[in-house]
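A.B. asks: Attaching a single structure in C-alpha cells format; questions to follow.
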Amino acid sequence: MASLILPRSISVAVDYSILNYFMTAPVGGIALAANTATDIGPAEESWLDDTGTAVTQFAVNVSTPPPGTEYAYQLIVDGQVQEEGLVTTVTDTALSLTSATAATIPSEARVVFTIFQVVTTYS
C-alpha cells in the first residue's frame, strides 16, 4: 500500500513600506569628484522625512536587511531618476554617490531618496 503524503499548509504574509526622504542641495551645489564616494546622507546633509521632520538617520539600514526583508531604493535629483550604479553605499546614516565622471548636484536641487521595504513571513 502506498503512503499518502498530504501537503502542509503554509501561510505567506507580505508587508511593504515606502519611505521617502527629501533634501534641498545647499547653495553652491554638491561636487561629486570622479570615481570618489561622496556621502550626502543625513550625517552630512539636512534631510526631511515625508512628514517634514528633520532626520539624522534613515529609518532602515538597507545594507543589513533582517531575514525575510528585501530593500530597493531610488534616487531622484531635480525630477530625474539617477542611474542605479550612482548610489554605492546606503546605511541608516550614509548615502554615498560615486560618479564615473566629475559632476555636481546643482545648487538648491530637490533630491528625493525613496526606500522600498518588503517583508515576507511564512508560517
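In the numbering used here, the protein residues as written are 2 to 124. Just so you know, even glycine gets a beta-carbon here, dropped at the ideal spot from N, CA and C.
Measuring only the C-alpha atoms, how far is E71 from L49?
C.D. replies: If I take the Cα positions, the gap works out to 23 Å.
A.B. asks: In or out: I195 buried (at least 16 other Cβ within 10 Å) or exposed?
C.D. replies: Missing from the structure shown is residue 195; the chain here goes from 2 to 124 and no further.
A.B. asks: Does the beta-carbon distance from G42 to A95 come in below 9 Å?
C.D. replies: Yes, they are a contact pair.
A.B. asks: Please return the same chain residues whose Cβ sits closer than 7 Å to the Cβ of V63, not counting the five positions on each side in sequence.
C.D. replies: Excluding residues within five positions, the ones whose Cβ falls inside 7 Å are Y72, Y74, V91 and I116.
A.B. asks: How is the beta strand (DSSP E) around T25 delimited, first residue to last?
C.D. replies: That run of the beta strand (DSSP E) goes V13 to T25.
A.B. asks: At what residues does the beta strand (DSSP E) containing D50 begin and finish?
C.D. replies: Taken as a continuous stretch (DSSP letters only), the beta strand (DSSP E) holding D50 covers W48 to D50.
A.B. asks: In this structure, what does DSSP give as the bridge partners for L76?
C.D. replies: Paired residues: F114.
A.B. asks: What is the DSSP secondary structure of E71, counted as helix, strand or coil?
C.D. replies: Three-state result, E71: strand.
A.B. asks: Once you ignore the five residues that flank D40 on each side, which residues in its own chain have a CB closer than 6 Å to its CB?
C.D. replies: Taken in chain order, the residues that qualify are A95 and S97.
A.B. asks: Assuming A60 and S47 are in contact, meaning their beta carbons sit under 8 Å apart, how far apart are those beta carbons, in whole angstroms?
C.D. replies: Their Cβ separation, rounded to whole angstroms, is 17 Å, which puts A60 and S47 out of contact at 8 Å.
A.B. asks: If you measure between the beta carbons of Y99 and L87, is that distance less than 9 Å?
C.D. replies: It is worth fixing the name first, because residue 99 is Thr in this sequence and not Tyr. Contact: yes.
A.B. asks: I think A44 touches V112, with their Cβ atoms under 8 Å apart; what is that distance to the nearest whole Å?
C.D. replies: Rounded, the Cβ-Cβ distance is 15 Å, inconsistent with contact.
A.B. asks: Determine the closest residue to T37 out of Y17, Q81, P67 and T89, with distance taken between C-alpha atoms.
C.D. replies: Ranking Y17, Q81, P67 and T89 by Cα distance to T37 puts T89 first.
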